[in-house]
Every structure is written in C-alpha cells, then in structure tokens.
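Read in order, the letters of the sequence shown are residues 1 to 457 in the UniProt record's numbering.
The beta carbon of each residue, even a glycine, is placed where N, CA and C say it ideally should be.
Written out below as structure tokens is the structure these notes cover.
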Amino acid sequence: MMMAGVTRVAGRRWLSAAAAATATAAETRVTTLNNGFRVVTEQTPHQTATIGVHVDAGSRFETAQNNGTAHFLEHMAFKGTNKRTQQEIDSQAEQRGMRLDAYTSRESTVYMARCFSDDTDFAVDLLGDILTNAKYDAGKVEAERGVILRENQEVNSIPEEVVMDYLHATAFQNSPLGYTILGPEENIKSISREDLIKYVETYYTGPRMVLVGTGGVDHDQLVAAAEKAFGGLSADDKAPAVTTSDFHGSELRFRDDSEQTAKFAIAVEGVSWSDPDFYSMLVGSSLVGSWDRNFGGSANLSSPLARLAAEHSLAHNYMSFQTSYTDTGLWGCYAVTDYDKIEDFAYALTQEWLRLANGATDAEVERVKRQLKSQLIFSVDSAQAANDEIGRQILTLGRRVPAAEINALLDSVSSSTVRSAMDKYVYDRCPAVAAIGPVEQLPDYNRLRSNLVWLRT
Numbered sequence: 001m002m003m004a005g006v007t008r009v010a011g012r013r014w015l016s017a018a019a020a021a022t023a024t025a026a027e028t029r030v031t032t033l034n035n036g037f038r039v040v041t042e043q044t045p046h047q048t049a050t051i052g053v054h055v056d057a058g059s060r061f062e063t064a065q066n067n068g069t070a071h072f073l074e075h076m077a078f079k080g081t082n083k084r085t086q087q088e089i090d091s092q093a094e095q096r097g098m099r100l101d102a103y104t105s106r107e108s109t110v111y112m113a114r115c116f117s118d119d120t121d122f123a124v125d126l127l128g129d130i131l132t133n134a135k136y137d138a139g140k141v142e143a144e145r146g147v148i149l150r151e152n153q154e155v156n157s158i159p160e161e162v163v164m165d166y167l168h169a170t171a172f173q174n175s176p177l178g179y180t181i182l183g184p185e186e187n188i189k190s191i192s193r194e195d196l197i198k199y200v201e202t203y204y205t206g207p208r209m210v211l212v213g214t215g216g217v218d219h220d221q222l223v224a225a226a227e228k229a230f231g232g233l234s235a236d237d238k239a240p241a242v243t244t245s246d247f248h249g250s251e252l253r254f255r256d257d258s259e260q261t262a263k264f265a266i267a268v269e270g271v272s273w274s275d276p277d278f279y280s281m282l283v284g285s286s287l288v289g290s291w292d293r294n295f296g297g298s299a300n301l302s303s304p305l306a307r308l309a310a311e312h313s314l315a316h317n318y319m320s321f322q323t324s325y326t327d328t329g330l331w332g333c334y335a336v337t338d339y340d341k342i343e344d345f346a347y348a349l350t351q352e353w354l355r356l357a358n359g360a361t362d363a364e365v366e367r368v369k370r371q372l373k374s375q376l377i378f379s380v381d382s383a384q385a386a387n388d389e390i391g392r393q394i395l396t397l398g399r400r401v402p403a404a405e406i407n408a409l410l411d412s413v414s415s416s417t418v419r420s421a422m423d424k425y426v427y428d429r430c431p432a433v434a435a436i437g438p439v440e441q442l443p444d445y446n447r448l449r450s451n452l453v454w455l456r457t
C-alpha cells in the first residue's frame with residue numbers, strides 16, 4: 001500500500017531522538033557532487049531500501065512573516081511537477097509498491113521514499129523531480145491551505161503539543177527557534193505560491209541537501225542517479241545566517257479550570273548535538289525516567305521519581321526529555337497531573353534533579369547506560385530509522401558518527417560526569433515553564449526557581 005503524501009508530525013515532534021547514538025556496523029560511504037549536494041549510503045543485505053532527501057530548512061530558518069512556509073512546502077510534495085501530474089506520481093509509485101512520506105521539524109525537512117532495491121533509481125528521479133521541478137499549482141496551493149488549517153486545529157487540540165510549543169515560545173522568545181512548525185493561522189492563510197518558490201530558491205540548494213540511501217542500495221548507482229536528479233541545483237548557499245537562539249528563564253501559563261488535568265513542562269537550557277556533555281545529560285534524563293500509571297510498576301520501578309509518583313499518585317504520567325538543536329537545547333520534563341497534585345509533583349521533580357546533581361550513584365548510571373545502548377541499537381533496526389539518523393547527523397554534525405565512537409562516549413559517562421553536567425546545566429539555573437489547564441496550584445516562578453537550589457556546606 002503506497003501512501004503518496006506526508007507523514008504528520010503530531011506525535012511528540014519536540015523530542016530529539018536519543019538515537020543520536022546510532023549503533024550500526026554498516027559501512028558509511030559519502031560522495032559530494034560538484035554543487036555541494038551530498039550522497040550518503042549505508043548498504044545492508046535487504047530487498048528493500050529507503051531513500052531520503054534531508055534539507056537544512058525548518059521553522060527556525062523562517063521569519064515571523066513567513067513562519068510555516070517549510071511545513072507548507074512539505075504539504076505540497078507529490079502534488080505535481082512540470083513533468084508529472086499528481087495522479088501520475090501516485091500511480092507510478094503505487095505500481096512499484098513505493099511509499100512516499102515527508103515531515104518537517106524545527107531544523108530540517110525530509111522527503112522519503114521506501115521501495116524495492118530494484119527501484120532506487122526511480123525513487124531518486126522522483127524525489128529530484130518533486131524537489132527541483134515542482135509546479136506549485138495555485139489551485140492545489142489553495143486546496144492544501146485548508147488541509148493545513150485543519151491540521152493546525154488538530155495539533156492545537158493535543159495538550160502535549162501545545163505545552164511543548166509554549167515551552168519553545170517562552171524559552172526561545174524573540175527568536176525563530178520559538179516558532180511553531182506549522183506557523184500561526186494568519187500565516188497559513190496568507191502564504192502564497194510566490195512565497196513557496198522564493199523559499200525553495202533560498203534553501204533548497206546543493207550545500208543544504210543530503211540524499212541518504214539505506215538498506216538494499218548501491219552507492220555508485222545512487223551517486224549517478226543523484227547527479228542526474230540534483231546536479232543542476234545551485235552550488236550557492238543563499239540562506240541568511242541562522243539567528244542565535246538565546247535561552248530565557250521565563251514562563252507561559254494558560255489557566256483553564258474546565259480541564260480535568262493540568263499539563264506542564266519545565267526545562268533548563270540543554271545541550272546541543274555536538275556538546276561534550278551530550279551523553280552525560282542524556283544519561284541524566286534517562287535517570288529521571290518516565291512513568292505512566294496505566295502501566296503500573298510502583299515499588300519495582302527503577303527511577304526514584306517514578307516510584308514516588310506511583311506510590312503517592314503524584315501524576316497521571318510524566319516523560320523526561322532531552323531535545324537538542326544545532327546550538328542549544330531543552331532538558332526537562334513534561335507531566336500530566338491532577339490539579340491538586342501539580343505542586344507536589346513539581347517539587348518532587350526538581351528535588352530529583354538536585355539529587356542527581358549532588359549524588360548520582362555508580363550503580364544507577366551503569367544501569368541506565370546499558371539500557372541506552374540497547375535502546376539505541378533497536379531504534380535504528382530499520383532502514384528508515386537509520387536514514388533519519390544519518391541525515392540528521394550529516395546536517396547537524398557534518399559527519400556520520402561511527403558506532404565505536406558512540407559506544408566509547410557512552411562508556412566514558414560516569415556518576416562523576418553526570419553530577420558535573422547536572423551541576424552545570426540544572427543546579428541553580430533559571431528554568432522555562434509552560435502550563436495549561438487547572439494550574440492554579442503550580443508554584444509561582446520564583447518558587448520553582450528557588451527549588452533548583454540546595455544550601456551546600
């Protein structure tokens with residue numbers, strides 16, 4: 001079954017994949033075309049392949065006036081080119097059993113084709129056609145505008161999405177990293193065909209794009225196909241320099257007592273993808289853990305916070321997160337609580353953060369490191385997951401991180417490095433806070449801030 005269109009990102013778009021530490025034994029080959037367009041492959045013995053084009057363009061590259069354009073472009077994928085109509089794209093892909101997807105994040109846009117190994121040339125040709133030769137028919141632009149407006153309504157009805165968008169908005173206020181991916185409703189209504197074309201001309205250039213092939217692929221064959229499909233792209237990176245995103249300790253609350261539960265997130269400024277403390281903070285986040293009362297556990301839970309939440313009914317669920325970007329990040333926790341438990345959970349959470357900054361133990365750190373290694377291996381057990389991670393690494397780090405290096409970095413994490421990193425990024429730091437629902441009992445900002453300090457002797 002072929003799906004020509006887009007994959008919606010309404011499920012935890014804000015989480016950065018812990019799979020930054022991809023563990024794979026496949027050989028990585030990289031070729032750069034004359035225009036700066038890169039072709040990266042990892043071949044494995046599969047009959048299927050995943051071909052992805054990763055573009056260094058997302059909502060953080062936008063302005064207040066055109067915020068939402070990258071996501072609008074994603075929606076226009078597969079809607080017709082000067083070479084193929086939308087119906088021809090659909091039928092040609094369906095005949096080959098090919099699945100077409102696309103998604104947008106704050107720092108990238110990805111177009112992907114999953115196909116049989118024999119069809120990789122066609123997949124590259126098709127992706128090249130839609131990205132370099134799109135028609136952007138005015139009628140289809142208007143039709144898709146309505147689809148995006150409905151999607152915007154759906155996203156705004158998902159509390160987790162709303163809270164995390166609020167968290168970005170207050171933490172990175174006055175900078176594009178604080179923008180939402182879909183953009184405000186007024187922008188969605190006003191983005192024009194000309195805006196889309198201008199955005200493509202600016203950001204869809206050779207140096208800002210990477211074609212990644214995983215699974216049953218042949219590197220030389222993909223390079224030849226990419227030369228035909230993308231060799232004509234401009235070699236000039238015309239995009240303006242990305243705006244620095246300064247973190248602001250601040251809060252954004254929207255009280256609504258008609259809601260049954262309170263949802264909130266609290267985060268400090270986290271680490272970038274390339275920060276030396278990335279893995280120590282990742283271990284720290286995993287030590288705080290996550291919990292959902294639907295899964296129980298109570299006394300058998302390894303996380304002290306999870307045990308406390310279960311035993312005292314402090315929350316319906318909570319999830320720690322480490323969301324990284326090229327130059328900064330968010331490190332924190334999202335939680336859903338009853339209105340009369342939000343204060344207790346917020347206090348328990350910040351006390352657990354301080355405990356880790358002062359007393360993370362060898363035993364718990366080693367346990368989490370083993371869990372992370374297992375999760376990271378399983379997270380890229382498919383060609384698609386590996387494709388996502390390779391593209392992200394090439395765009396943000398400029399290279400594919402070898403599995404041996406990842407394991408060495410995880411092995412180097414100790415209780416001492418976790419305590420040091422938590423002390424650096426969490427202890428006595430100003431947090432960003434976002435909350436919606438019946439949040440009257442959430443402590444005021446100054447109390448939350450003071451909870452991140454212990455008197456030390």
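Problem set entry | histidine 312, buried or exposed, once every other Cβ within 10 Å from all chains shown has been counted against 16 | Counting Cβ neighbours within 10 Å, histidine 312 comes out exposed, since fewer than 16 surround it.
Exercise. Span of the alpha helix (DSSP H) holding asparagine 187?
Worked result: Run containing asparagine 187: 185-190, per the alpha helix (DSSP H) assignment.
For this session: Would you mind sorting isoleucine 197 into buried or exposed? The rule is 16 or more other CB atoms within 10 Å of its CB.
Result: When all chains shown are included, isoleucine 197 counts as exposed.
Problem set entry | Beta-carbon gap between alanine 57 and serine 108 smaller than 8 angstroms | Yes, Cβ-Cβ distance for alanine 57 and serine 108 is below 8 angstroms.
For this session: Tell me, please, whether the stretch 132-145 touches the stretch 72-87 by the rule of three or more beta-carbon pairs shorter than 8 angstroms.
Result: Yes: at least three Cβ pairs fall under 8 angstroms.
Exercise. Taking all protein chains shown into account, do 16 or more other C-beta atoms lie within 10 angstroms of the C-beta of tryptophan 291, making it buried, or fewer, making it exposed?
Worked result: Around the beta-carbon of tryptophan 291, 16 or more other beta-carbon atoms lie within 10 Å, marking it buried.
Problem set entry | Of the residues Val283, Phe116, Asn67, Thr63, the one placed nearest isoleucine 51, counting alpha carbons only | For isoleucine 51, the nearest C-alpha among the options comes from Phe116.
For this session: Could you work out which residue in Ala360, Phe247, Leu222 is closest to valine 283 when comparing CA atoms only?
Result: Of the listed residues, the one whose Cα sits closest to valine 283 is Ala360.
Exercise. Among residues of its own chain, excluding the 5 on either side of leucine 410, which ones have a beta-carbon nearer than 7 angstroms to its beta-carbon?
Worked result: Counting only Cβ-Cβ distances below 7 angstroms, and skipping sequence neighbours, we find Ala21, Tyr279, Lys369, Leu372, Lys373.
Exercise. When you compare each of Ser192, Ala171, Thr120, Tyr103 to lysine 140 by their alpha carbons, which one comes out closest?
Worked result: The shortest Cα separation from lysine 140 among Ser192, Ala171, Thr120, Tyr103 belongs to Ser192.
Problem set entry | Bounding residues of the beta strand (DSSP E) (the contiguous stretch that carries tyrosine 445) | Where tyrosine 445 is concerned, there is no enclosing beta strand (DSSP E), although the alpha helix (DSSP H) it sits in stretches over 445-450.
Exercise. According to the neighbour-count rule (16 or more other Cβ atoms, all chains shown, within 10 Å of its Cβ), is residue 480 buried or exposed?
Worked result: There is simply no residue 480 to check, as the chain begins at 1 and stops at 457 in what is shown.
For this session: Starting from the C-beta of glutamate 186, find all residues in its chain whose C-beta is less than 7 angstroms away, skip the five residues before and the five after it, and write them out in chain order.
Result: Close CB contacts of glutamate 186 within its chain, under the 7 angstroms cut and outside five residues either way in sequence, are absent.
Problem set entry | Sequence-distant residues of its chain with Cβ nearer than 6 angstroms to leucine 149 (five each side left out) | These residues qualify, in order along the chain: Ile188.
For this session: Alpha carbon to alpha carbon, how far is methionine 112 from histidine 219? Give it in angstroms, no decimals.
Result: When the Cα atoms are used, histidine 219 and methionine 112 turn out to be separated by approximately 17 angstroms.
Exercise. Just curious, the beta strand (DSSP E) that serine 250 is in, first and last residue?
Worked result: Residues 250-255.
For this session: Please confirm whether leucine 349 and leucine 376 have their CB atoms less than 8 angstroms apart.
Result: No. Outside cutoff.
Problem set entry | Beta-carbon gap between valine 39 and alanine 235 smaller than 8 angstroms | When the beta-carbon positions are compared, valine 39 and alanine 235 stay at least 8 angstroms from each other.
Problem set entry | Under the three-state DSSP convention, the category glutamine 43 falls into | Glutamine 43 falls in the strand class under three-state DSSP.
For this session: Sort out for me which residues DSSP pairs leucine 330 with in a bridge.
Result: BP columns for leucine 330 point to Glu269, Thr323.
Problem set entry | Burial state of glycine 232 (16 or more Cβ within 10 Å) | Under this definition glycine 232 is an exposed residue.
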